[in-house]
């Protein structure tokens, strides 16, 4: 974890000489703006996959989705999702609604420790495609590296504490400079985390056909790890008497 610190102080000092009911008339108010950042190395590889099913019969559509779900569970990988939809395949033609067969889909969001684990997922699903042919298709979202919530929280807490230390140190210096005792009265944090990753963008990949080999082996591309920036910008108010 590489750390980059940006220290910016903007302060305004003025005498409160009117209507200062809670402060002495000769008190001085100081405003400080501090910002600290850290560059975090991603530790979680995320990928979303939607399995789409087309069948003449509703029962078969549900059955295939159930087989898909069981296959995913048997991989013993960390994932979320599993919710599915089944509906009639209908469209409008010349002002009339027409229907033929059924459609279904199920969605999974994987959080993997190693990118190589995605190959197990794709191999399993591709084998199902081989079995059911045109009845099954996959939509694979743009896989990417991200920072786990645990590491984000740790970094955020560290930055907040470091900013307080910096503010206290500055408070002592400004006290000596203006000959008054300064204390922190207000702290406001503005945390800026790495952009949230949204699944299923325009770059999604449709995987509709697979090799005819008896044993399918896939090795999907792996994106490069790019450091993610988290920053904490803080507005601090000091009262000096």
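Numbering (the working numbering), first residue to last: 338 to 578.
C-beta: ideal position from N, C-alpha, C; glycine also.
CA nearest to the CA of residue i, picked from the options
i: residue 412; options: 457, 430, 394, 531; result: 457
i: residue 582; options: 363, 365, 370; result: Nothing about residue 582 can be read from this structure; the chain reaches only from 338 to 578.
i: residue 577; options: 507, 470, 529, 556; result: 507
i: residue 363; options: 398, 393, 519, 484; result: 519
i: residue 398; options: 516, 513, 383, 438; result: 438
i: residue 318; options: 575, 454, 432; result: Only positions 338 to 578 of the chain appear in the structure, and residue 318 is not among them; the question remains open.
i: residue 389; options: 451, 486, 514, 469; result: 469
i: residue 395; options: 426, 366, 368, 406; result: 426
i: residue 503; options: 529, 528, 521, 562; result: 521
i: residue 366; options: 511, 494, 562; result: 511
Own chain, CB closer than 7 angstroms to residue i, minus 5 neighbours either side, in chain order
i: residue 525; result: 571, 572
i: residue 547; result: Residue placement at residue 547 cannot be trusted, given a pLDDT of 43 that sits under 50; the coordinates are not used to answer.
i: residue 499; result: 373
i: residue 556; result: 456
i: residue 418; result: 444, 445, 446
Supposed close pair residue i, residue j - CB separation, criterion 8 angstroms
i: residue 476; j: residue 386; result: 7 angstroms
i: residue 379; j: residue 480; result: That pair is no contact at about 12 angstroms.
i: residue 382; j: residue 451; result: 7 angstroms
Cβ neighbours of residue i in the same chain (closer than 8 angstroms, five flanking residues each side left out)
i: residue 531; result: 377, 483, 484, 489, 565, 566, 567
i: residue 416; result: 409, 445, 446, 447, 448
i: residue 429; result: 435
6 angstroms CB neighbourhood of residue i in its chain, flanking five on each side removed
i: residue 391; result: 440, 472
task = Mind listing, in chain order, the continuous beta strand (DSSP E) runs of no fewer than 3 residues lying wholly within the stretch 453–524?
result = If only complete runs of 3 or more residues are kept, the stretch 453–524 shows the beta strand (DSSP E) at 473–477, 481–483, in order along the chain.
key: Sequence ranges, beta strand (DSSP E) only - wholly within the stretch 396–427, length at least 3   = Here no run is fully enclosed.
message = Count Cβ pairs between the stretch 462–470 and the stretch 420–437 that sit closer than 8 angstroms; are there 3 or more?
response = A contact between stretches requires three or more CB pairs, one per stretch, nearer than 8 angstroms, and the stretch 462–470 fails this requirement with the stretch 420–437.
ask   = Does the pairing of the stretch 436–446 with the stretch 402–418 give three or more beta-carbon distances under 8 angstroms?
value = Result yes; three or more Cβ-Cβ pairs closer than 8 angstroms.
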